[in-house]
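Accompanying notes for the structure given below.
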Amino acid sequence: MSGNNFEYPFWATAFYKGLLFGGMPVSFLAVDYPLEVAAYYGILIFLGLFLRPLIEKFALDELYYAVTRAPFRRMMEREAARREVEFRHKQHNKRYRYMRYRSKELPPKW
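Residue 46 in my numbering sits at position 46 of the sequence shown, and the numbers go up by one each step.
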């Protein structure tokens, strides 16, 4: 992920829309708490308008990938390399283990 390729996951957008549209009826009922309603909508405006540019500017998505996914990817690459070496050893053993019995140059019952 780099630059403008950042996308929110489906669950995050669904959660945000739920907060946005679910909070509207609650805000009409909470007329006695205007500061809390203002803070609620301020947080929603921040999440909707300013969070994505901050994530893109500071490359927090790449940092998250480097911290969480990259070690797992390196572990899988090491495991794949180990399996490849093990496969090569098995092929080598299969090819050369009983070769002296098949060789025509050796005397019988060698």
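All residues carry an ideal CB built from backbone N, CA and C; glycine is no exception.
- Annotation: residue 14 to residue 8 spans about 10 angstroms, alpha carbon to alpha carbon.
- Between the alpha carbons of residue 46 and residue 52 lies a distance of about 9 angstroms.
- For residue 32, no alpha helix (DSSP H) encloses it, and the DSSP letter there is neither H nor E.
- The Cβ atoms of residue 6 and residue 55 lie closer than 9 angstroms to each other.
- For residue 8, the secondary structure class from DSSP, reduced to helix, strand or coil, is coil.
- DSSP places residue 72 in the uninterrupted alpha helix (DSSP H) bounded by 60 to 96.
- Straight-line spacing of the CA atoms in residue 72 and residue 82 works out to 15 angstroms.
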